[in-house]
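A.B. asks: I'd like to ask you about the structure that follows.
In our numbering, the protein residues as written are 81 to 340.
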């Protein structure tokens with residue numbers, strides 16, 4: 081049986097909630113959770129049996145692993161506020177924060193990044209979530225990798241430079257795409273059409289990505305520069321920013337594929 085660890089979780093957001101739950105279900109001990117407010121810690125505490133704190137506990141060095149799951153812009157201040165943890169392992173869960181953020185402060189450190197959009201109210205199949213991990217030495221890398229493998233069947237050792245590129249691609253793939261869905265839903269709603277009419281198209285688009293490269297799967301009026309359709313679409317878009325976005329993306333698509 082793989083070793084099980086005693087965790088102190090710092091953070092109470094979406095990722096902190098689900099990682100705490102995933103680690104707990106995998107047999108690890110979520111012994112404490114630290115948040116700005118005790119009330120914010122209660123949900124994680126209720127799910128995992130953790131003790132809630134609104135400041136770092138005095139026995140912080142008694143935990144095996146300190147897991148930071150906070151907003152990216154809070155890491156610097158948070159790290160500077162952490163008491164002495166001795167030789168204990170500290171990890172962060174960010175896709176865009178370099179592992180070097182821990183240097184000169186801690187002896188043992190690493191990254192434990194779940195590559196997935198996560199919200200508290202959603203059900204997660206943790207075994208399918210890709211985890212990108214790294215650490216400051218081979219011993220710690222093995223520890224972090226084993227912890228990730230206790231949760232997921234999809235674990236990769238990825239350095240900070242690669243992880244940042246993956247995070248960028250993930251934002252384009254997920255966050256930006258979701259915003260385009262939002263614009264589409266607003267256009268349909270204004271015209272009394274339910275967004276669900278697009279579900280089969282969305283599903284087929286995702287399925288196509290698994291069969292062909294995105295470059296080879298591209299279709300639509302922009303790729304062939306069909307000005308009749310493009311101009312017709314532009315004429316019925318009310319919002320100027322949306323119109324600019326449509327024109328920009330159409331132009332980029334045409335420019336890219338006209339080179340072939």
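Even for Gly, the Cβ is constructed at its ideal location relative to N, Cα and C.
Does the structure place the stretch 169 to 179 close enough to the stretch 240 to 247 that three or more beta carbon pairs sit under 8 Å?
C.D. replies: Flag = yes, the stretch 240 to 247 and the stretch 169 to 179 touch.
A.B. asks: Rounded to whole angstroms, what is the Cα-Cα separation between residue 81 and residue 107?
C.D. replies: Per-residue confidence for residue 81 stands at a pLDDT of 47, beneath the threshold of 50, marking its modelled position as unreliable; no derived number is given.
A.B. asks: DSSP state of residue 228, grouped into three classes?
C.D. replies: In this structure, residue 228 counts as helix in the three-state DSSP scheme.
A.B. asks: From the DSSP output, in three-state form, read off residue 81 for me.
C.D. replies: Because residue 81 sits at a pLDDT of 47, beneath the cut-off of 50, its placement in the model cannot be relied upon, and the point is left open.
A.B. asks: Whole angstroms is fine: what's the gap from residue 268's alpha carbon to residue 315's?
C.D. replies: C-alpha separation (whole angstroms): 15 Å.
A.B. asks: Which residue spans inside the stretch 243 to 276 form an unbroken alpha helix (DSSP H) run of at least 4?
C.D. replies: For the stretch 243 to 276, whole alpha helix (DSSP H) runs of length 4 or above, ordered along the chain, are 257 to 270.
A.B. asks: Counting along the chain, where does the alpha helix (DSSP H) carrying residue 194 start and finish?
C.D. replies: No alpha helix (DSSP H) holds residue 194; the beta strand (DSSP E) holding it covers 188 to 194.
A.B. asks: Where does the unbroken beta strand (DSSP E) through residue 133 begin, and where does it stop?
C.D. replies: From DSSP, the beta strand (DSSP E) with residue 133 extends over 131 to 133.
A.B. asks: So, do the stretch 87 to 106 and the stretch 120 to 130 have three or more beta carbon pairs nearer to each other than 8 Å?
C.D. replies: Yes: at least three Cβ pairs fall under 8 Å.
A.B. asks: Quick check on this structure: which residue in 231, 307, 282 has the alpha carbon closest to the alpha carbon of residue 254?
C.D. replies: Of the candidates 231, 307, 282, the one whose C-alpha sits nearest the C-alpha of residue 254 is 282.
A.B. asks: So what does DSSP say about residue 337, is it helix, strand or coil?
C.D. replies: Three-state DSSP puts residue 337 in a helix.
A.B. asks: For the alpha helix (DSSP H) that residue 290 lies in, which residues bound it at each end?
C.D. replies: Residue 290 -> alpha helix (DSSP H) spans 279 to 291.
A.B. asks: Work out the CA separation of residue 318 and residue 122 for me, nearest whole Å.
C.D. replies: Rounded to the nearest angstrom, the two C-alpha atoms are 45 Å apart.
A.B. asks: Secondary structure at residue 177, three-state DSSP: helix, strand or coil?
C.D. replies: Here residue 177 sits in coil by DSSP.
A.B. asks: Are the beta-carbon atoms belonging to residue 159 and residue 214 less than 8 Å from one another?
C.D. replies: Cβ atoms of residue 159 and residue 214: not closer than 8 Å.
A.B. asks: Determine the contact status of residue 182 and residue 169, defining contact as a CB-CB distance below 8 Å.
C.D. replies: In this structure, residue 169 does not lie closer than 8 Å to residue 182 by Cβ.
A.B. asks: Give me the Cα-Cα distance between residue 257 and residue 131, rounded to the nearest whole angstrom.
C.D. replies: Looking at the two C-alpha atoms, the distance is approximately 38 Å.
A.B. asks: Assuming contact is defined by CB atoms lying nearer than 8 Å, are residue 164 and residue 141 in contact in what I supplied?
C.D. replies: Going by C-beta atoms, residue 164 is nearer than 8 Å to residue 141.
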